[in-house]
């Protein structure tokens with residue numbers, strides 16, 4: 080994975096995740112942690128939420144992570160992957176290490192298995208794209 084993609088993933092902490100089920104799209108925002116070994120994003124959420132109900136029907140998701148560095152300087156990631164519920168202890172610890180305030184929450188953990196990432200960089204009219212694909 081390109082260093083710029085890793086930098087954005089490490090420095091930001093909120094993503095927008097998008098899913099589609101029964102012909103209808105839906106998006107939600109979520110804090111995330113990163114499993115660098117497996118290229119997974121870890122989020123939490125209650126199974127009763129609309130976006131996770133949809134994700135249980137269709138595991139394919141897309142999402143974005145965006146940062147505004149100034150009026151003419153933006154950076155962002157667009158990604159696709161598969162989302163599945165996880166009970167892996169290491170994912171809970173990764174998440175709680177980054178967001179200790181979430182520890183009391185009684186919720187489910189979800190892993191997004193990244194398949195593709197496009198990094199878009201725009202600075203003063205100059206645009207650059209970096210892509211990453213799962214092997």
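In this note's numbering, the protein residues as written are 80 to 214.
For glycine and all other residues, C-beta sits at the position ideal for the given N, C-alpha and C.
Worksheet item: When we look at the beta-carbon of residue 103 and count the other beta-carbons within 10 Å, is it buried (16 or more) or exposed?
Response: The residue is exposed, with fewer than 16 neighbouring Cβ atoms inside 10 Å.
Discussion item. DSSP has residue 176 in a bridge; who is on the other side?
Written reply: Bridge partners of residue 176: none, in fact.
Discussion item. Which runs of the beta strand (DSSP E) at least 3 residues long sit entirely within the stretch 152 to 212? Give them in chain order.
Written reply: Whole beta strand (DSSP E) segments, 3+ residues: 152 to 165, 187 to 202, 205 to 212.
Item to complete: Return the chain-ordered list of same chain residues with a C-beta closer than 8 Å to the C-beta of residue 114, the five sequence neighbours on each side being excluded.
Response: Within the same chain, residue 114 has close Cβ partners 120, 121, 169, 170, 173, 190.
Item to complete: Measure the alpha-carbon distance for residue 106 versus residue 193 and round it to whole angstroms.
Response: Their backbone Cα atoms lie some 17 Å apart in a straight line.
Worksheet item: According to DSSP, is residue 150 helix, strand or coil?
Response: Three-state DSSP puts residue 150 in coil, outside helix and strand.
Worksheet item: Cβ of residue 123 within 8 Å of Cβ of residue 188?
Response: The answer is yes: Cβ separation under 8 Å.
Worksheet entry | In DSSP terms, what residue 98 is bridged to | DSSP, once it has assigned bridges, lists 105 as partnering residue 98.
Item to complete: Could you check the C-alpha separation between residue 80 and residue 209 for me, to the nearest Å?
Response: Approximately 10 Å, taken between the alpha carbons.
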